[in-house]
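Novice: Residue numbers (the numbering used here): 134 to 510. Think of the CB as a built atom: it goes at the ideal place given N, C-alpha and C, for glycine as much as any other residue.
(1) In the DSSP assignment, what are the bridge partners of residue 486?
(2) Tell me which residues share the same chain as residue 372 and place their Cβ nearer than 6 Å to its Cβ, disregarding the 5 neighbours each side in the sequence.
(3) What's the C-alpha gap between residue 436 and residue 503?
(4) Which whole runs of the alpha helix (DSSP H) in the segment 458 to 509 are 4 residues long or more, in chain order?
(5) Give the secondary structure of residue 303 by DSSP, where H, G and I count as helix, E and B as strand, and everything else as coil.
(6) Name the two residues that bound the continuous beta strand (DSSP E) containing residue 159.
(7) If the criterion is Cβ atoms closer than 9 Å, does the pair residue 171 and residue 207 meet it?
(8) Below 9 Å between beta carbons: does that hold for residue 225 and residue 249?
(9) For residue 548, does the three-state DSSP call read helix, strand or coil?
(10) Rounded to whole angstroms, what is the Cα-Cα separation between residue 402 and residue 348?
(11) Would the beta-carbon of residue 453 fall within 9 Å of that of residue 423?
(12) Going by DSSP, what residues sit across from residue 282 in a beta bridge?
(13) Taking the alpha carbon of residue 432 as the reference point, which residue from 273, 333, 177 and 227 has its own alpha carbon closest?
(14) Find out if the Cβ-Cβ distance for the pair residue 376, residue 194 is shorter than 9 Å.
(15) Could you check which residue in 391, 381 and 222 has the C-alpha nearest to that of residue 414?
(16) Per DSSP, what are the beta-bridge partners of residue 291 in this structure?
(17) For the putative contact between residue 137 and residue 165, defined by C-beta atoms under 8 Å, what is the C-beta separation to the nearest angstrom?
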């Protein structure tokens, strides 16, 4: 059995995967949302510890605050003893890891500033500050987790987990990590806020018409460095794309799959449904009719309506299911995200089914369930 919890994380990602049999589970945590999610992140670690189970993988996909900050705030709240017996591996690309593995290419510029040193949390979790908090590496050291860190992850690698489960990484590649290591500081300085393609004008158009609109390409080195992977357990396959670029994922897929396409039971849309992080080629290669969208709508910036139109276009005659951890289509867009024609052609006909996740299980396939809250687990 696999349980997926796509937890509310404001505009970010915070996903918990539990897999196992007979009510005995192994666990994967993927990102931790914004700093407001820290208490809940800590609560989940405590629940897992109380069950005497293990977090086989804590995956921090990339450095953006809406993915990493809640996890770090949560770690601050948990005792060293609990972390020591619960957390087995942390996957997160650091400058030091990139430099150590790729300095032989001659393409890594020497830097006195490491990106991981700019990620900070306050040890007194009631007070949060980026400038005066403890550094990421120091936090792991103080919490006894430094030796659990896998700080260099590229596509083609694989993590073998207990009970026959695997994580096969499809992003990033070496080229993306080199660019990230060399350019992150300049990019952060010039792009203080997350950039999204405009969505408001597109919302006024019909989904059928938007199928002709082109998808874009993300220029962020942060997102290009994002970890993405395919999780497999028995017959269940799940694709978690973080904020990764589709072109990079396609290269990574070639490293792990010889066929021109493969099926998954669920695909977590990259970058909260941004127009710049999905492509027709990716949708044709990783095939599914179940999509997970993690976002609160982020001030009407995501998800891109163009992305939803391309999901429908590539589905052909199949219906698609969109699982959401927020009621963004009503709350952010005041029930105007979908036009009358959209409802007639796609929603009323069940070509597009929207599911708002809560603490009640929705079955994706036999033995695989998705939630938006974890309740009593």
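Specialist: The structure says:
(1) For the purposes of this step, residue 486 is identified with residue 353 of the chain shown, where counting begins at 1. DSSP, once it has assigned bridges, lists 454 as partnering residue 486.
(2) Here residue 372 corresponds to residue number 239 of the chain shown, with the count starting at 1. So the qualifying residues of the chain are 363, 397, 400 and 419.
(3) Taking the chain shown and counting its residues from 1, one reaches residue 436 at position 303. Taking the chain shown and counting its residues from 1, one reaches residue 503 at position 370. Whole-angstrom Cα-Cα distance: 20 Å.
(4) 461 to 464
(5) As a working mapping, residue 303 is identified with position 170 in the chain shown. In the structure shown, residue 303 sits in a strand (DSSP, three-state: E or B).
(6) Residue numbering aside, residue 159 sits at position 26 when the chain shown is read from its first letter. 157 to 163 is the extent of the beta strand (DSSP E) around residue 159.
(7) Walking along the chain shown from the start, residue 171 turns up at place 38. Walking along the chain shown from the start, residue 207 turns up at place 74. It is a contact, given that the beta carbons lie within the stated cut-off.
(8) Position 92 of the chain shown, counted from the first residue, corresponds to residue 225. Position 116 of the chain shown, counted from the first residue, corresponds to residue 249. Contact flag set, yes.
(9) This structure does not reach residue 548, given that the chain is present from 134 up to 510, and the question cannot be answered.
(10) Counting from 1 along the chain shown, the entry for residue 402 is found at position 269. Counting from 1 along the chain shown, the entry for residue 348 is found at position 215. Straight-line Cα distance between these residues: approximately 14 Å.
(11) As a working note, residue 453 is residue 320 in the chain shown. As a working note, residue 423 is residue 290 in the chain shown. Closer than 9 Å, so yes.
(12) Sequence index remark: in the chain shown, residue 282 carries index 149 (1-based). According to DSSP, which records beta bridges pairwise, residue 282 is partnered with 223.
(13) Locating residue 432 in the chain shown gives position 299, counting from the first residue. Minimum Cα distance to residue 432 is reached at 333.
(14) The sequence position of residue 376 within the chain shown is 243, counting from 1. The sequence position of residue 194 within the chain shown is 61, counting from 1. Yes, Cβ-Cβ distance for residue 376 and residue 194 is below 9 Å.
(15) What you label residue 414 is simply residue 281 of the chain shown in a count that begins at 1. Checked all of 391, 381 and 222; the closest Cα to residue 414 is 381.
(16) In the chain shown, residue 291 corresponds to position 158, counting from 1. Bridge partners of residue 291: 301.
(17) Here residue 137 refers to the residue found at position 4 of the chain shown. Here residue 165 refers to the residue found at position 32 of the chain shown. That belief does not hold up - the Cβ atoms of residue 137 and residue 165 are roughly 16 Å apart, past 8 Å.
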